[in-house]
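Residue numbering for the sequence shown is -7 to 260, as defined by the working numbering. From the three backbone atoms N, C-alpha and C, an ideal C-beta is built for every residue, glycine too. What you are looking at is a predicted structure, and each value in this text was computed from that prediction instead of being measured.
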Amino acid sequence: RITSLIILVSFLCLGLVMIFVVSQYWQTEKRDLLSRNARSVAELAESTAFFDGTQYNLDGNRLQAFMTVFAESSDSEIFLTDRGGNRLVSSSTDSESPAQDAVVASAYMQPALSGGYIGLGTLGGIYQEAHYVVGVPISVEGLAGRDIVIGAVFAASNARLMDGYRRNIVKMFLFAALVTFLVSFAVVWVFSYRMARPLREMAHAAREFGSGNFSVRVNASTDDEIGQLALAFNNMASSLATSENVRRNFIANVSHELKTPMTTISGF
-7 RITSLIILVS FLCLGLVMIF VVSQYWQTEK RDLLSRNARS VAELAESTAF FDGTQYNLDG
53 NRLQAFMTVF AESSDSEIFL TDRGGNRLVS SSTDSESPAQ DAVVASAYMQ PALSGGYIGL
113 GTLGGIYQEA HYVVGVPISV EGLAGRDIVI GAVFAASNAR LMDGYRRNIV KMFLFAALVT
173 FLVSFAVVWV FSYRMARPLR EMAHAAREFG SGNFSVRVNA STDDEIGQLA LAFNNMASSL
233 ATSENVRRNF IANVSHELKT PMTTISGF
């Protein structure tokens, strides 16, 4: 029982650590993928941006096709905004998408425009569920040779995917742990039974010794510690049997030797 309990606790600890490590790894990989896709879109936007004399414009059709490919590969949504957070181009063609008419709050725009934003949340209420969100700036070279930030690229992926991924991991782990635990329990039970069998035989022999039967022996068929203990137990039993025979012979001889004089004394 103790061995089985130790195995069960070990499996539980191992499972918790594994789920935590895999979850962290998946989150890191997801954020890295979103960052790579967002930066790739930002680089394309920077290469296609042109100045019309008053402001910088982007090739929306080309960017949307490119963004759609990246969004499908990462199961995410990618959209571009201007410096004010207004949507310009989105990978989603669904008119009901929350990113279509969304305005990104300045609390998220400022980090994205300053160098990059990474977070987990609803992006200021744009999404109804928590999303992994990555934002990167779009910067172009100005007339004076200085970089000008003209907007940002945001890539968002629903965090619910992580919950489903975690549930799948838990299911696989529980199934594997159950099978492994049953196999381990069977192996431990067989091993414990074989190891405890000589001890049960010794306990039975000890009870027989207590009742005066010194002919019982324990099967010492192994060379391990249990086998050595069984061999020592058999040697002790042989010694006890010899001592018992000597005692009985001594009592018989004394009784025989005393019988004649006692008979004579009794006659007188």
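Residue i: first and last residue of the uninterrupted beta strand (DSSP E) it sits in
| i | result |
| --- | --- |
| S207 | S207 -> no beta strand (DSSP E), and no H or E assigned at all. |
| Y124 | 123 to 133 |
Three-state class that DSSP yields for residue i in the structure shown
| i | result |
| --- | --- |
| D24 | helix |
| F71 | strand |
| L115 | coil |
| S84 | coil |
Start-to-end residues for the alpha helix (DSSP H) that takes in residue i
| i | result |
| --- | --- |
| I140 | Premise fails: I140 lies in the beta strand (DSSP E), 139 to 150, not in any alpha helix (DSSP H). |
| T52 | Reading off the sequence, residue 52 comes out as Gly, not Thr. Run containing G52: 52 to 66, per the alpha helix (DSSP H) assignment. |
| V238 | 217 to 259 |
| A269 | The structure shown has nothing for residue 269, since the chain only spans -7 to 260. |
Local Cβ density within 10 Å of residue i, reported as buried at 16 or more and exposed below that
| i | result |
| --- | --- |
| V125 | buried |
| Q102 | exposed |
| V238 | exposed |
| F62 | buried |
| E69 | buried |
| E88 | Bear in mind that a pLDDT of 46 at E88, under 50, signals an unreliable position, so the number given afterwards is only what the model happens to contain. Flag for E88 reads exposed. |
| N205 | exposed |
| Y17 | exposed |
Beta-carbon gap between residue i and residue j smaller than 9 Å
| i | j | result |
| --- | --- | --- |
| V95 | G111 | no |
| L25 | A37 | no |
| P66 | V128 | In the sequence as presented, Pro is not what sits at residue 66; that position holds Ser. Cβ atoms of S66 and V128: not closer than 9 Å. |
| V33 | F12 | no |
| L80 | G143 | yes |
| F146 | A104 | yes |
Query raised in the report: If you pair each beta-carbon of the segment 178 to 197 with each one of the segment 217 to 228, do three or more pairs fall below 8 Å?
Result: yes
Query - Cβ contact (3+ pairs, closer than 8 Å) linking the segment 229 to 242 and the segment 198 to 210 - result: yes
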